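Quick mapping for you: the protein sequence lines, in order, are chains R and F.
Residue numbers are given in the UniProt record's numbering: position 24 of the first sequence equals residue 24, and the series is strictly consecutive.
Residue numbers are given in the UniProt record's numbering: position 2 of the second sequence equals residue 2, and the series is strictly consecutive.
Let me begin by presenting the structure, written as structure tokens, before commenting on it.
Protein chains: 2
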Amino acid sequence: MKELFAGVDLGGTAVKAAIADSDGTILTQDSIATHSHDGPNAVLKRIGEFLVDMSNRVSDGHGTLSGVGMGVPGLVDVQNGITKFLPNLTTQWRDVPVADLLSDQLGCPIRLLNDVRTATLGELHFGHGRDRPDITMVFIALGTGVGGGLVIDGRLRLGPLGAAGELGHQTILPQGPRCGCGSRGCLETLASGPAIASEGSRLMQIGLAPTLHDLVDGQGDNVTTKAMSIAAEHDPAIREAIVNAASYVGIAVANVITTLHPDMIVLGGGVAQFGRILLETVRAVVADRVRMFPTESIAIEQSQLGEQAGVMGAVALARSPVVD
Amino acid sequence: MKELFAGVDLGGTAVKAAIADSDGTILTQDSIATHSHDGPNAVLKRIGEFLVDMSNRVSDGHGTLSGVGMGVPGLVDVQNGITKFLPNLTTQWRDVPVADLLSDQLGCPIRLLNDVRTATLGELHFGHGRDRPDITMVFIALGTGVGGGLVIDGRLRLGPLGAAGELGHQTILPQGPRCGCGSRGCLETLASGPAIASEGSRLMQIGLAPTLHDLVDGQGDNVTTKAMSIAAEHDPAIREAIVNAASYVGIAVANVITTLHPDMIVLGGGVAQFGRILLETVRAVVADRVRMFPTESIAIEQSQLGEQAGVMGAVALARSPVVD
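What follows is the structure, given as structure tokens:
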């Protein structure tokens, strides 16, 4: 029998999964639709069957799942593997004992963690943090929301609710836009994918983004950070909007560097695909604002794993717990 | 022979020292003037003699110094006990091997640390952190400058240069006032003692602070946070200025809570003497801005040790190292 570990990234629309061997080598990856409206029991049963099916495929039916790690979009009770607050799924998903339910079905331990903290584990074990056991690293996921994760001296910082590292909800502009969280001027209101796309759409409507207009047929709802990334080469206003958003990310990064003096900052999520414009702006803002100690040695990099960070982190979680 | 430990708080104008026994009980405290212009060799020699003298006083000449901890205002090489950048002393104080010099004189190990990180150790060992070995605590010293220190899971976070925790240089207002550090809109520009006193002085000059005017004979240079604290009970504009500054502290505290999810925030330094106005404002801003997890269980308190935090922390440092 072959010992196998499964990593699961549970999203609002898709469930991504990977099966790894005991060395952490990924043997296969696949995904299914979430259909969260079916309710937690049905969805978890489907995920369980999906994992068994994937395990059988890589082992000719001779594999056994020794552990499952799962990243979920929201707050969880890490110790007990129970969901707490998952804003992107239905309200049925509150207080679901996911670890117990899936463990009954699969007969192995199940570990649950917030998805961005899980992606942070991915970067730690398989990305920029690989082979650096004492690294202090901050991961910021710039996507539909903005989240983060802290690794301090090689160890993921969770806090009592697994909620440490919510860097998207730092106040950047005290009188800034209202945030979904209830506060205002959070980084998420200024540099999430939707925030940037919405500014791109506005610039297009007032005639300042002809290239973007052509790319999305003038439909504001079609504006994506990807389209903006292309348009930025020809539309100066779009480029400026991206630089503005990146400057806010830079302030958030400068603040966390001033607080923690980490070895590395890793930027992930869809917005990170802006690549050089984002990284160069963030680095310039950090050099400008962090003056209390030299920052040349602090690396500011794009995620090495990209969209795979979540599922890879879930594999790392399956293999070893993050809670003492 | 009695085993003794000395804690030293080296400031720009005064050197405070305490002698403790091996249990950490403070036996005596005293202070001398720094006269930093005499240069490091002369000042350190004087400090050494002062410590020997204090030790002899508490032990009838039968004591021996087993260790000295010293907090200094600036950056130090913690591993080697060498000063790096001490902006409040003369330039002669750069790269001084304090540990070696004082150790030659006293014949015991000398440990050096930034003064605010030392005060953080004081709160950890003798103040709010006492008997809480796993506490995660953030100390913010609101004085002439604004500094801070982080205790994560019971352990002081230093970072590679002992510079982690520089919370006074978080950006609070991206386009705010120029800061001494070279950045702008840092917490220090908005909530240090001088920043608050300068606003008090301005309000007095334009006739909005009659009580403060009486207290300081209309002399702007005489305005202190202490005078403002008294005037705030009668001058609404002064009260408002204090609340404004406290709101900025609140934003900084909210950001660090969102980042680290600590158990406790401790506010120290001269500005902390505003007491209730400061604490209530900070607590209200935190409740308003931290929405990602419940904050009721996060204590936000005034320093228990006040001006003694530095020298008490230096005693803790003398008794046990903070570096692995």
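Positions of the beta carbon are idealized from the N, C-alpha and C atoms, including for glycine.
Treat the numbers as computed from the prediction; the structure is a model and nothing was measured.
Item                                                                                                                                                                           : Value
Below 8 Å on C-beta distance, what does R/A191 contact in chain F?                                                                                                             : Within chain F, no residue comes near R/A191; the closest Cβ sits about 13 Å away, beyond 8 Å.
Taking the alpha-carbon of R/Q170 as reference, which of R/G147, R/R155, R/R157, R/P262 has the nearest alpha-carbon?                                                          : R/G147
May I ask you to list, following chain order, the residues of the region 220–254 of chain F that have a beta carbon less than 7 Å from some beta carbon of chain R?            : I251, A254
In its own chain, which residues sit with a C-beta less than 7 Å from the C-beta of R/F293, not counting the 5 before and 5 after it?                                          : H261
Which residues does DSSP list as the beta-bridge partners of F/T224?                                                                                                           : DSSP, once it has assigned bridges, lists no residue as partnering F/T224.
Drop a sphere of 10 angstroms on the beta-carbon of F/M1, count the other beta-carbons inside from all chains shown, and report buried for 16 or more, exposed for fewer.      : exposed
Please decide whether F/K289 counts as near chain R, where near means a Cβ-Cβ distance under 8 Å.                                                                              : In the sequence as presented, Lys is not what sits at residue 289 of chain F; that position holds Arg. It does: the Cβ of F/R289 has a partner Cβ on chain R nearer than 8 Å.
Tell me, to the nearest whole angstrom, how far the beta carbon of F/P194 is from that of F/R184; I am working on the premise that it is less than 8 Å.                        : Between F/R184 and F/P194 the Cβ distance is about 16 Å, and since that is not below 8 Å, they are no contact.
Using CA atoms only, rank isn't needed, just tell me which of R/T64, R/L75, R/K84, R/Q105 is closest to R/A42.                                                                 : R/Q105
Grab me the residues of R/V154's own chain with a C-beta within less than 7 Å of its C-beta, minus the 5 sequence neighbours each way, in chain order.                         : A small fix is needed here, since residue 154 of chain R is Gly in this sequence, not Val. Contacts found: P133, D134, I135.
Write down the C-beta distance between F/A245 and F/A191 rounded to the nearest angstrom, noting that I regard them as a contact closer than 8 Å.                              : 4 Å
Would DSSP call F/M204 helix, strand or coil?                                                                                                                                  : helix
Taking 8 Å as the cut-off, does the region 99–117 of chain R touch the region 39–53 of chain R (at least 3 CB pairs, one atom from each stretch)?                              : yes
Reducing DSSP to helix, strand and coil, say where R/I163 ends up.                                                                                                             : Before going on, a small fix: residue 163 of chain R reads as Ala here, not Ile. Coil, per DSSP.
Pick out whichever of R/G129, R/N56, R/W93, R/R57 has its Cα sitting closest to the Cα of R/G313.                                                                              : R/G129
Please give the ranges of any alpha helix (DSSP H) in the region 49–109 of chain F, keeping only runs that are unbroken, at least 4 residues long and fully inside the region. : 98–106
Would you say F/E307 lies against chain R (beta-carbon separation less than 8 Å)?                                                                                              : no
Please name the residue in F/H37, F/A163, F/P210, F/V266 whose C-alpha comes closest to that of residue 330 of chain F.                                                        : Nothing in the structure corresponds to residue 330 of chain F, since chain F is present only between 1 and 324.
Counting only C-beta atoms, is F/A195 closer than 8 Å to chain R at any point?                                                                                                 : no
How about F/T28 and F/I19: are their beta carbons less than 8 Å apart?                                                                                                         : yes
Give me, in chain order, the residues of the same chain whose beta-carbon lies closer than 7 Å to that of F/V286; leave out the 5 immediate sequence neighbours on both sides. : G250, V253, A254, I257, T295, I300
So is R/D324 buried or exposed if we call it buried at 16+ other beta carbons inside 10 Å?                                                                                     : Any answer about R/D324 is weak, because its pLDDT of 47 lies below 50 and its placement is not dependable; what the coordinates show is given next. By the neighbour-count rule (16 or more Cβ atoms within 10 Å), R/D324 is not buried but exposed.
Taking Cβ to Cβ, would you say R/L89 is nearer than 8 Å to R/S31?                                                                                                              : no
Report yes if the CB atom of F/R304 is closer than 8 Å to the CB atom of F/G127, and no otherwise.                                                                             : The question names Arg, yet the displayed sequence has Gln at residue 304 of chain F. Contact flag set, yes.
Once the 5 residues before and after F/L173 are set aside, which same chain residues still bring their CB inside 6 Å of it?                                                    : G185
Helix, strand or coil for R/T295? Go by DSSP, reduced to three states.                                                                                                         : coil
Name the residue from R/A241, R/L86, R/V52 whose alpha carbon lies nearest to the alpha carbon of R/T225.                                                                      : R/A241
Looking only at its own chain, which residues have a Cβ that is under 7 Å from the Cβ of F/R319, when we skip the five neighbours before and after it?                         : F5, G24, G67
Going by CA-CA distance only, name the one from F/L44, F/D77, F/G149, F/G145 that's closest to F/L124.                                                                         : F/G149
List, in chain order, every chain F residue whose beta-carbon is nearer than 9 Å to that of residue 326 of chain R.                                                            : One cannot answer for residue 326 of chain R here, as it falls past the ends of chain R, which runs 1 to 324.
What are the complete alpha helix (DSSP H) segments, minimum 4 residues, inside the region 272–323 of chain F?                                                                 : 276–289, 309–319
Check each candidate in R/S297, R/D288, R/V243, R/I298 and name the one with the smallest Cα separation from R/V271.                                                           : R/V243
Take R/I26 and list the residues in its own chain whose beta-carbon comes closer than 8 Å to its own, dropping the five residues that flank it on each side.                   : A18, I19, A20, M312, V315
Write down the C-beta distance between F/V78 and F/L113 rounded to the nearest angstrom, noting that I regard them as a contact closer than 8 Å.                               : 6 Å
How many angstroms separate the CA atom of R/E188 from the CA atom of R/A197?                                                                                                  : 13 Å
In chain order, which beta strand (DSSP E) runs of at least 3 residues are fully inside the region 112–169 of chain F?                                                         : 137–142, 146–152, 155–157
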